[in-house]
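First residue of the sequence shown? That's 3 in this note's numbering, and the numbers climb one at a time after it.
Beta carbons are placed, not taken as given, at the ideal position from N, Cα and C, and that holds for glycine.
These numbers come from a predicted model, not from an experiment.
Scroll down for the structure; my scribbles are underneath it.
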Amino acid sequence: MKQIQVGLIGFGTVGSGLAQTLLEQKERLQKKTGAEIILTQVADTSGRPLPEQFSEVILTRKATDIFTNPDIDIVVELIGGMEPARTFLLEAIKHGKHVVTANKALLSVHGKEIFEAAVAHNVEVGFEASVGGGIPVIKSLKEGLVANRIESIIGIMNGTANYILTKMTDEQLAFDDVLKDAQEKGFAEADPTYDVEGIDTAHKLAILMTIAYGKHVHLDDVSTEGISSIKPIDIEFAKEFGCRIKLLAISHQHEDNVEARVHPTMVPNSHMLANINGAYNAIQFKGDTVGNVLLYGPGAGMMPTGSAVAADVVDIGRNILCNSVNRVPALSYLPENIGLPSITPMSDLSGPYYFRITALDKPGVLSTISGIFSKHNISIQSVFQKSRHEFDPVAIVIRSHIASEEAVQRCIEEIDSLDVCPEKTVKIRILLDDE
3 MKQIQVGLIG FGTVGSGLAQ TLLEQKERLQ KKTGAEIILT QVADTSGRPL
53 PEQFSEVILT RKATDIFTNP DIDIVVELIG GMEPARTFLL EAIKHGKHVV
103 TANKALLSVH GKEIFEAAVA HNVEVGFEAS VGGGIPVIKS LKEGLVANRI
153 ESIIGIMNGT ANYILTKMTD EQLAFDDVLK DAQEKGFAEA DPTYDVEGID
203 TAHKLAILMT IAYGKHVHLD DVSTEGISSI KPIDIEFAKE FGCRIKLLAI
253 SHQHEDNVEA RVHPTMVPNS HMLANINGAY NAIQFKGDTV GNVLLYGPGA
303 GMMPTGSAVA ADVVDIGRNI LCNSVNRVPA LSYLPENIGL PSITPMSDLS
353 GPYYFRITAL DKPGVLSTIS GIFSKHNISI QSVFQKSRHE FDPVAIVIRS
403 HIASEEAVQR CIEEIDSLDV CPEKTVKIRI LLDDE
């Protein structure tokens, strides 16, 4: 029987998940491919021996041993981070190895370099696990929706942030308390910055936009805001408005320009994404031919992510067996047809907003604030004031009609400069029903 030999760099959570998947599904994969997919060699610097079931796998501490092994067809990088992961992938490509990675941070920053190197050396890049964990998002977008002009991408792409917001909503808990709980349960890292500040989601949106629009979107193109400023009062008002707060990745295509943004959003309960809870992910694509498509499932974890990496290995293995390398371009578009994006400035966007303004409870304050909204042509739909003791800071909640982002920013800057406003104003965009 023909063999496809795999070299793995990094035997951490996802690496061990891939190894376990290839072992447990060995017979099934043989029936589906007509080949034996073998984990031949692992490079790992921990010094720990591999589990007993992988006793036949060669263990090394040097990634170069894998690049130079003539028997290995596919190199899988699962160490994460920028370096040495970037160098490892480029070296593997130079040695004529096909590569697979789950490294969304790397691809959102250095993807252009990596994909161009793969084209130059006629090898494939698999990266299904970089977005959506076990959800087949990449394959669906570049193959299943290939006949569509993608008009929008809207999604919940970080399970940690979604878990935190779900617990805050369902159990009336504060952000810090839920974050601590998430860390204790292993849903959140010791340093949760990438998850809760939207950076991890921005990595994933940049990758999806590159495939959807045929433009090399960089992490720096994505405007990013996190959820750490969200408080229970915001959650409660969202409920009163018939919404749930979610950390969304949003991109719309407008002629030659595309939006690229990540921020907390009030999502109407009638919208499909409002009901994606816990640590799950969901991504909605809108195509001009198919309409709306929602993909839902576990966005992280050892076995779901290992399943996605294994899918890439099998895809590339099938192509090797059929002598049809790069039958499907890595980014869906042919390399010569991929350009650079024109990103719509945030200041050009508009929509309805929720504002929570912290102000001293003094006569005339509400009138002053309302006047600032009027000055910047922001129409107020409703106003709520949560009063406490006299002269203590109170929460003034304002919901606007559709307003421009530029006007909103100027309005907030003026309000936050008032002596009677001791804290920064919190703004949350409200998703329109037809988005």
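Close Cβ partners of Gly353 (< 7 Å) along its chain, the five nearest in sequence each way excluded: Residue mapping note: residue 353 aligns to position 351 of the sequence shown, counting from 1. Hits under 7 Å: Ile404, Arg431, Ile432 and Leu434.
Is there contact here, the segment 129–149 with the segment 273–287, by at least three beta-carbon pairs under 8 Å? With a cut-off of 8 Å, the segment 273–287 and the segment 129–149 count as touching, because enough Cβ pairs lie within range.
Any chance the segment 52–68 sits against the segment 339–349, with 3 or more Cβ pairs inside 8 Å? With a cut-off of 8 Å, the segment 339–349 and the segment 52–68 do not count as touching, because too few Cβ pairs lie within range.
Assign Arg233 to buried or exposed, taking buried as 16 or more other Cβ atoms, counted over all protein chains shown, within 10 Å of its Cβ. By 1-based counting over the sequence shown, the position of residue 233 is 231. It is worth fixing the name first, because residue 233 is Lys in this sequence and not Arg. Lys233 counts as exposed, since fewer than 16 other C-beta atoms from the protein chains shown sit within 10 angstroms of its C-beta.
For His100, collect the residues of the same chain with a Cβ closer than 6 Å to its Cβ; drop the 5 residues on either side in sequence, then sort them by chain order. In the sequence shown, residue 100 corresponds to position 98, counting from 1. Residues Ile76, Val125, Glu126 and Ile318 of the same chain have their beta carbon placed closer than 6 Å to that of His100, with the five preceding and five following residues left out of the count.
Which value, in whole angstroms, describes the spacing of the CA atoms of Thr370 and Lys377? Walking along the sequence shown from the start, residue 370 turns up at place 368. Walking along the sequence shown from the start, residue 377 turns up at place 375. Taking the straight line from one Cα to the other gives about 10 Å.
So which of Ile11, Ala312 and Phe177 has the shortest CA-CA distance to Lys28? Locating residue 28 in the sequence shown gives position 26, counting from the first residue. The shortest CA-to-CA distance from Lys28 to any of Ile11, Ala312 and Phe177 is the one to Ala312.
Taking the alpha carbon of Ala149 as the reference point, which residue from Ile382, Val385, Leu420 and Tyr335 has its own alpha carbon closest? On the sequence shown, position 147 is the one that residue 149 refers to. Selected option, being the one with the closest Cα: Tyr335.
For Thr267, name the three-state secondary structure that DSSP assigns. To locate residue 267, count along the sequence shown from 1; it is residue 265. Taken through DSSP and simplified to helix, strand or coil, Thr267 comes out as strand.
Beta-carbon proximity of Thr427 to Phe357, cut-off 8 Å: Counting from 1 along the sequence shown, the entry for residue 427 is found at position 425. Counting from 1 along the sequence shown, the entry for residue 357 is found at position 355. Their beta carbons are under 8 Å apart, which means Thr427 touches Phe357 by this criterion.
DSSP state of Ile345, grouped into three classes? Within the sequence shown, residue 345 is the residue found at index 343, counting from 1. Strand, per DSSP.
Whole runs of the beta strand (DSSP E) within the segment 244–307, excluding any shorter than 3 residues: Taking only runs of at least 3 residues, the beta strand (DSSP E) segments lying wholly in the segment 244–307 are 245–256, 263–270, 282–289 and 293–300.
Quick one, are the C-beta atoms of Glu227 and His265 less than 8 Å apart? Counting from 1 along the sequence shown, the entry for residue 227 is found at position 225. Counting from 1 along the sequence shown, the entry for residue 265 is found at position 263. Yes, the Cβ-Cβ distance between Glu227 and His265 is below 8 Å.
Just to confirm the assignment, what range does the beta strand (DSSP E) spanning Gln383 have? The residue you call residue 383 lines up with position 381 of the sequence shown. That run of the beta strand (DSSP E) goes Ile382 to Lys388.
In the DSSP assignment, what are the bridge partners of Ser369? Along the sequence shown, read from residue 1 onward, the residue named residue 369 stands at position 367. Beta-bridge pairing links Ser369 to no other residue.
Are Leu249 and Asn164 touching if we call contact CB-CB under 8 Å? Locating residue 249 in the sequence shown gives position 247, counting from the first residue. Locating residue 164 in the sequence shown gives position 162, counting from the first residue. Against a cut-off of 8 Å, the Cβ pair of Asn164 and Leu249 comes out as a contact.
What residue ranges within the segment 28–108 form continuous alpha helix (DSSP H) runs of no fewer than 4 residues, ordered along the chain? Here the runs fully enclosed are 28–35, 65–69 and 87–96.
How about Thr212: is its C-beta nearer than 8 Å to some C-beta of chain D? Absent from the structure is chain D; it holds one protein chain and no more.
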